[in-house]
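Here the sequence shown is numbered in the working numbering, starting from 872 and rising by one per residue. We put the beta carbon where it would ideally sit given N, CA and C, even for glycine. One structure below.
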Amino acid sequence: LTLAGLYADRLLLLHQGVAVARGDARAVLRSETLAEFYGISARVIHESDGTVVVVPQRVAGEL
């Protein structure tokens, strides 16, 4: 996801074949959206230069 945020002008987030988010990386790659549709916990960092970095976070108790 970080690579998509770095290199894509526009992103389309699909969940079960349905578009659930579209736009630039700042609009699409959001912690809340990733948790809601993919069930993952991630920290999403928005840098001042427009770079978006997605850092997966382990949920307490997960191996």
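Given A892, which residues of its chain have a CB within under 6 Å of its CB, disregarding the five upstream and five downstream residues? The beta carbon of A892 sits closer than 6 Å to those of L884, V899 and T904, all from its chain and outside the five residues before and after it, given in chain order.
Is the Cβ-Cβ distance between S902 and V930 less than 8 Å? Using a Cβ distance threshold of 8 Å, S902 and V930 do not count as a contacting pair.
With a 10 Å radius around its C-beta and 16 neighbouring C-beta atoms as the bar for buried, classify L874 as buried or exposed. Note on L874: under 16 other CB atoms within 10 angstroms of its CB, so exposed under the neighbour-count rule.
Would you tell me roughly how many angstroms separate the C-alpha atoms of G894 and L882, rounded to the nearest one? Cα-Cα distance, rounded: 5 Å.
Rounded Cβ spacing between V926 and H917 (contact assumed at less than 8 Å): With a contact defined as Cβ atoms closer than 8 Å, V926 and H917 miss out at about 12 Å.
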